[in-house]
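Please read the structure below before turning to the comments.
And the structure:
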């Protein structure tokens, strides 16, 4: 409601200013002002200096933005291919800023230098092969180099050798949560289909597939440091995007098909927390949370919990109302801790059997309760009928 009122006020203010300018124009009727609507040398000079002012604004705001928000960018990558991605991004940024600095400066300089002047005559020429060659060849070569480097990076990141020793994990997306499925001892994921979703089998795993018997389903993702992890991704409902920013990994999860991505983690969660930039970042966040907590407590609210860094799996597609809350904690363990954690998990087949076993006593108890209730009802009806018969007999005797 407040936003609507602000918009209405701004619109009314704009209308009022427009009306004031009309009134001002009416007051100038009959004066000696220039009504030719042709720019004079003074007008052109003013416009030239205004252009320089706007150029200064662009440069100053760019520098201010880098200083103010540059620290918010992701820092050290936590995967082997992350350095390659960051290098490609940094090269692109440098090219963009250099080209922007040069071209914008030339654009506004030539606009000022060649501003209108009644003593000058504009030079016109139809074409210039030299200029056209310069502004066509240079961008083409630069873009070709960027594209080739990008293809090289893409192939290095996406290529997974069939004989390579990797860990197979499925990431299953649905509104609005993630579920992970590990391939188990055989390192082969069992077949799955959304039509097979039933009860505890929320991923639709085909339990008739021998490879599915040792699959493990969890709600928190653990991966080992220094080991390539091959993710296969599915979506149950709409288009999602598996995004792990610290690993420089992102891949769409498309309903009806399986997409994939692989990377090698280089820092455990504990190691990444101890990196100097992360220690400083967490301290700054907790300082802000502490100040906010003081305000909340003063108003009778609850203080915020201290922040602790964790890797996260996020959804990077706007997939619905709770899209912002679609995330999963990712833990990078040492290989030893990872094996220990995985060995403590039960397989999906075991979970299904346990759920079925738990349902049988409940069904038996329900049946027993039904039988007891039926027996009581029959006994009650019989007692009522006997009572009615006795009363009728007494009445007949009288």
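In this note's numbering, the protein residues as written are 23 to 420.
By construction, the Cβ of each residue, glycine as well, lies at the ideal position given by its N, Cα and C atoms.
Within its chain, find whatever has a CB closer than 8 Å to the CB of residue i; leave out the 5 residues flanking it on each side and keep chain order.
i, result
"residue 164", "117"
"residue 420", "With a pLDDT of only 48 at residue 420, under 50, the local geometry of the prediction cannot be trusted, and no value is derived from it."
"residue 70", "133, 134, 137"
"residue 190", "204, 205, 209, 210, 211, 252, 254"
"residue 94", "none"
Using alpha carbons as the reference points, say which of the options lies closest to residue i.
i, options, result
"residue 275", "210, 196, 102, 263", "263"
"residue 332", "31, 70, 244, 228", "244"
"residue 322", "329, 328, 314", "314"
"residue 302", "330, 320, 277", "330"
"residue 241", "351, 190, 219", "351"
"residue 66", "134, 161, 237", "134"
"residue 187", "286, 324, 167", "286"
"residue 98", "37, 268, 179", "268"
"residue 103", "84, 182, 36", "182"
"residue 377", "316, 261, 220, 230", "220"
"residue 372", "261, 229, 296", "229"
Where residue i and residue j are concerned, what is the direct C-alpha to C-alpha distance, given to the nearest angstrom?
i, j, result
"residue 225", "residue 270", "26 Å"
"residue 203", "residue 79", "52 Å"
"residue 177", "residue 222", "38 Å"
"residue 421", "residue 137", "With the chain represented from 23 up to 420, any question about residue 421 goes unanswered, as that position is not in the structure."
"residue 75", "residue 129", "13 Å"
"residue 227", "residue 214", "4 Å"
"residue 33", "residue 25", "12 Å"
"residue 63", "residue 92", "42 Å"
"residue 44", "residue 154", "46 Å"
"residue 341", "residue 265", "13 Å"
"residue 112", "residue 169", "14 Å"
"residue 289", "residue 132", "51 Å"
"residue 160", "residue 173", "20 Å"
"residue 320", "residue 309", "17 Å"
"residue 417", "residue 380", "With a pLDDT of only 48 at residue 417, under 50, the local geometry of the prediction cannot be trusted, and no value is derived from it."
"residue 305", "residue 298", "11 Å"
"residue 318", "residue 328", "14 Å"
"residue 218", "residue 374", "13 Å"
"residue 114", "residue 180", "21 Å"
"residue 28", "residue 307", "31 Å"
"residue 171", "residue 144", "44 Å"
"residue 40", "residue 73", "24 Å"
Using a Cβ-Cβ cut-off of 7 Å (strictly less than) and excluding sequence neighbours within five positions of residue i, which residues of its own chain qualify?
i, result
"residue 175", "106, 107, 110"
"residue 239", "201, 203, 225, 370"
"residue 126", "77, 80"
"residue 90", "none"
For residue i and residue j, which I take to be in contact (beta-carbon distance under 8 Å), what is that distance rounded to the nearest angstrom?
i, j, result
"residue 311", "residue 334", "Not really, about 18 Å apart at Cβ, beyond 8 Å."
"residue 355", "residue 247", "7 Å"
"residue 277", "residue 259", "7 Å"
"residue 199", "residue 348", "6 Å"
"residue 235", "residue 338", "No, residue 235 and residue 338 are not in contact; Cβ-Cβ is about 34 Å, not under 8 Å."
"residue 206", "residue 185", "Contact doesn't hold; Cβ gap of about 20 Å is too wide."
"residue 100", "residue 294", "6 Å"
Going by beta carbon distance, what residues of the same chain come within less than 6 Å of residue i, once the five residues before and after it are set aside?
i, result
"residue 353", "244, 291"
"residue 210", "233"
For this session: Please confirm if the stretch 176 to 194 is in contact with the stretch 241 to 255, defined as three or more CB-CB distances below 8 Å between the two stretches.
Result: yes
Problem set entry | Sufficient close CB pairs (3 or more, under 8 Å) joining the stretch 366 to 373 to the stretch 277 to 287 | no
For this session: Check whether the stretch 61 to 81 touches the stretch 120 to 127, counting contact only when three or more Cβ pairs, one atom from each stretch, lie closer than 8 Å.
Result: yes
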